[in-house]
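Line by line, the protein sequences give chains A and B.
Be aware that the first sequence starts at 1, since it is given in the UniProt record's numbering, and climbs by one per residue.
Be aware that the second sequence starts at 1, since it is given in the UniProt record's numbering, and climbs by one per residue.
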Amino acid sequence: MASSDLKSAALMDQMKAHFSTDAGKAIAEKIGLVYQINIAPKKIGFNEEIYVVDLKKAEVTKGPYEGGKPDATFSFTDADFLKIATGKMNPQFAFMRGAMKVKGSLSAAQKFTPDIFPKPSKL
Amino acid sequence: MAMRELVTGGAACAVPGSSSSSNPLGALANALIGSSSQKERLQEIPTSALNTSGNNFYSEEENPCRSSWHGGSEFVSGFHAANDNRLAEVWDGIQNPQIPHFPGREGPPQRVLSSFLHSFVNSSHGGVPFGPTQLPVLGLSEGDKRCIRDRSSIMARHIFADKSEDFINGQVNALLSSLEIDNHALARGHISGRHSELEQYWNEPQLLTPGPHTGDGWADEFAQRRVGQQDPNAWALSFERQHGAGGWASEFEHEQAQMTSVDRMAGANIPSLAAMQQTRMLAHTLAQNSNPKFQNSKFLQFVSKMSRGELTIEDNQVKPSLAGSGDWANEYQQQYNAGPSSWADQGPDRWANEFATERAHHGPVDEQWVNEFSKLQVNDWADEFGRQVGEGVLGDDSADNWASAYDEYLNEQAIVKQKSETSRGVYVFSDLNPYVGHPDPLREGQELFRKGLLSEAVLALEAEVLKNPENAEGWRLLGVAHAENDDDQQAIASMMRAQEADPTNLEVLLALGVSHTNELEQQAALKYLYSWLRHHPQYGKIAPPELSDSLYYADVARTFNEAAQLSPEDADVHIVLGVLYNLSREYDKAIESFQTALKLKPRDYSLWNKLGATQANSVQSADAIYAYQQALDLKPNYVRAWANMGISYANQGMYEDSIRYYVRALAMNPKADNAWQYLRISLSCASRNDMMEACDSRNLDVLQKEFPVWQEKL
């Protein structure tokens, strides 16, 4: 089994692969920011897995960002992250509800939209 | 609350002849008070708005049936004049129930209470004093009473804003005495500041000397009020806690659940409303800081104005809002359509900047307030809610309902109730089913399915399983139809019923494995796939039963590989292997398995789709499109393949193309929620914000006209 039990890990894997495509690179170029995303299985802040979505270098890595300070850091639960990435939940509302925690620059955080994620296809 | 109860003057109803509009108003007031928690704001609402609303209540009173309800927009603009778009939004949202709801007149205490409270709310339009009424024994706890007392005091000041203080007190006392609530005995002590964290934060870095205490009246007033006994936040929360299920909140949710289309205004206003709500909370928090210099700061004044809607943010420019102009809604609409839908362009970074500048004048510049603020909100919202759910205060079901309904509301989702129920694996039946009463709905369903009329087949099969709830084949085919219609939640719900009726059906077990894989639920998927192997007449013997107690992916995969070696000509075992490799995201192996299976079953359209989806997920979109094309050649109405096609184009950055395919999928199944969400994203990426409104209102006619699928592409 894949190394993570999180549903979001599947999407992160897909995003990683997506950055190897022209479409993925174009998105990275457009945003050009580094996001650190902390994903908790059930409750924000507990047993988080940390991913860095680097839209400067067009790559996804696991573990905290090592290139300094990310432009914005988000914390989600697994389910909420998926909802946001697939357009089921508006990030702004997620923020207001406390379903999304933000650290760092608010203007960088505002560029975090479902547009940057590839969509999973269904069997 | 039952419209009938009010219209006919039910036992609990003090003001007979009022209308269902009380219900939205109650919800509206709830939404307003529940989150803004600012008595001061409520008092500021101009009386003109209330008069307007009153007039409209009358107009509805004369024509209580929904079809004659034209006063809505007038009502709404009345609120607009009051410059509180939040009210308008909430109103719009709940004004739309498509299915009238008539619960019984005799209700449980909660219902009687809620009806009574609504009649209290309604008493605002006549200006008639609200008389004490005889009520059945409701069994209110002390906590309930406190909540009602606190809440009604605030409510009254809102709904009777044009009346004198004495009048208001009279009204409240009448209400409380009817409910046998003592207005004084329940007074409670001061509740320690909920925002101590932020206060502390502010007090630390701001090394400022206290200055004269003038300046922002709002903030001062707020601060003063706060010292008093009634902490508005506390009662709002405690009310939610105790009445979340049965009180106004659930009424609100209930109305939401009945919405079948989302009001476009509600959708349009969301970005600015969001900013307003955000600032309102911010203002609230900041107002609690006792530092006078801070109280006088421009930033706080700015935020206060934002939160009252006196200022709006347009294209990152702060503008005074057009008070009194009925056109502001249109303006928002245009603004919303013009700019990209991403919140980036509408967001409040202007105030962030302003704040930073402000801080620069006063002390150490530190952008970290954002962090602190978000931390604070987590405490306020998520933790609080989580804790309540944890304590079971709301009861399991209601908590779930509440959470999902609110969720869906925010996401402009229409089918709230369905959602919250399907997510728990409960099958949700269609409301109107022409096949109920059909002599042989199963046969009809099979025939429709064969013809590729999936949504029709779903209805016929629903009729079948309503008639014969133990018919595994009915449930199974229903599940297949939902999966092909791109609705995995309903597919899972049907397949679970099929499995109950026939626990060892291999097709059912495989379908459950596939659907759970799609939903990324690894453990559940693994369980069903292994179950498939266990019950297979040929491979059952190589599957050790003890393995099903603690499933490890590696063991399961190894056993399946053994099975494949046992009979390499069995397409099914390769299909299951392919699904299994999808689960572990070993896409190359998965593709290989599906290709092997396709050699054995070249006309299996769902197999072509599985191959395509796997290729798409491993970023081989061009190959995926070829595979989907094969599937669609075999089954032209295969909604899932159409939607997947859209995804593949979107993932290649070809948004215009993706839009056509999503629209095509939705034309065949307007209930495919995923496709709606993806369509919205593609519209935004393709800068087709002109079509956003059609998307949000789910207007397929407009969308299909604008985005036809080119014939040569098929």
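Idealized CB from N, CA, C, for every residue including glycine.
Taking 8 Å as the CB threshold, residue 14 of chain A lines the interface with chain B. By the Cβ rule, the stretch 495–506 of chain B does not count as touching the stretch 683–690 of chain B, because fewer than three pairs are nearer than 8 Å. Between residue 661 of chain B and chain A, the shortest Cβ-Cβ separation is not below 8 Å. For residue 54 of chain A, the three-state secondary structure derived from DSSP is strand.
For residue 659 of chain B, the enclosing alpha helix (DSSP H) has its first and last residue at 655–668. The beta carbon of residue 33 of chain A sits no closer than 8 Å to any beta carbon of chain B. Contacts with chain B at 8 Å (Cβ-Cβ) do not include residue 68 of chain A. Contacts between residue 119 of chain A and chain B, judged by CB atoms closer than 7 Å, involve 647, 650, 651, 678 in chain order. Near chain A, meaning a CB-to-CB distance below 7 Å, the residues of the UniProt repeat "TPR" (571–604) of chain B are 579, 582, 584, 585. Between residue 511 of chain B and residue 479 of chain B, the C-beta gap is smaller than 8 Å, which places the two residues in contact. Contact with chain A is found for residue 486 of chain B, since one of that chain's Cβ atoms lies less than 8 Å from the residue's Cβ.
DSSP, read as helix, strand or coil, puts residue 35 of chain A in strand. Rounded to the nearest whole angstrom, the CA to CA distance from residue 431 of chain B to residue 518 of chain B is 27 Å.
Residue 100 of chain A is positioned such that its CB atom lies no closer than 8 Å to that of residue 51 of chain A. For residue 500 of chain B, the uninterrupted alpha helix (DSSP H) run begins and ends at 488–501, by DSSP. Not one beta carbon of chain B lies nearer than 8 Å to the beta carbon of residue 64 of chain A. A residue is called buried when at least 16 other Cβ atoms come within 10 angstroms of its Cβ; residue 22 of chain A does not meet this threshold and is exposed. When 7 Å is used as the limit between beta carbons, residue 10 of chain A is near these residues of chain B: 520, 585, in chain order. A Cβ-Cβ separation of about 31 Å leaves residue 648 of chain B out of contact with residue 75 of chain A under the 8 Å criterion. Per DSSP, reduced to three states, the secondary structure at residue 470 of chain B is coil, with no helix or strand assignment. Between residue 22 of chain A and chain B, the shortest Cβ-Cβ separation is below 8 Å.
Contact note: residue 56 of chain A does not reach chain B at a C-beta cutoff of 8 Å; the least C-beta distance is about 17 Å.
About 5 Å separates the beta carbons of residue 533 of chain B and residue 539 of chain B, which is inside the 8 Å limit, making them a contact pair.
In this structure, residue 559 of chain B and residue 535 of chain B do not form a Cβ contact; the two beta carbons are roughly 13 Å apart against a cut-off of 8 Å. If you check each beta-carbon in the UniProt repeat "TPR" (605–638) of chain B against every beta-carbon of chain A, the ones closer than 8 Å belong to 609, 610, 612, 613, 614, 616, 617, 618, 619, 621, 624. Residue 113 of chain A and residue 643 of chain B have their C-alpha atoms roughly 21 Å apart. At least one CB atom of chain A sits nearer than 8 Å to the CB of residue 644 of chain B. Interface criterion not met: the Cβ of residue 30 of chain A is under 8 Å from no Cβ in chain B.
Where residue 75 of chain A is concerned, the enclosing beta strand (DSSP E) starts and stops at 72–77. Below 8 Å, too few C-beta pairs join the stretch 648–663 of chain B and the stretch 629–640 of chain B to call them touching: fewer than three. Contact of residue 685 of chain B with chain A by beta-carbon distance below 8 Å involves 115.
For residue 657 of chain B, the CB contacts under 6 Å within the same chain, skipping 5 residues up- and downstream, are 649 in chain order. DSSP places residue 48 of chain A in no alpha helix (DSSP H); its state is neither H nor E.
Contact between residue 597 of chain B and residue 578 of chain B holds, since their C-beta atoms are separated by about 7 Å, short of 8 Å. Excluding the 5 residues flanking it on each side, residue 110 of chain A has no same chain C-beta neighbour closer than 6 Å. Cβ contact annotation for residue 702 of chain B (same chain, cutoff 7 Å, sequence separation greater than five): 694, in chain order.
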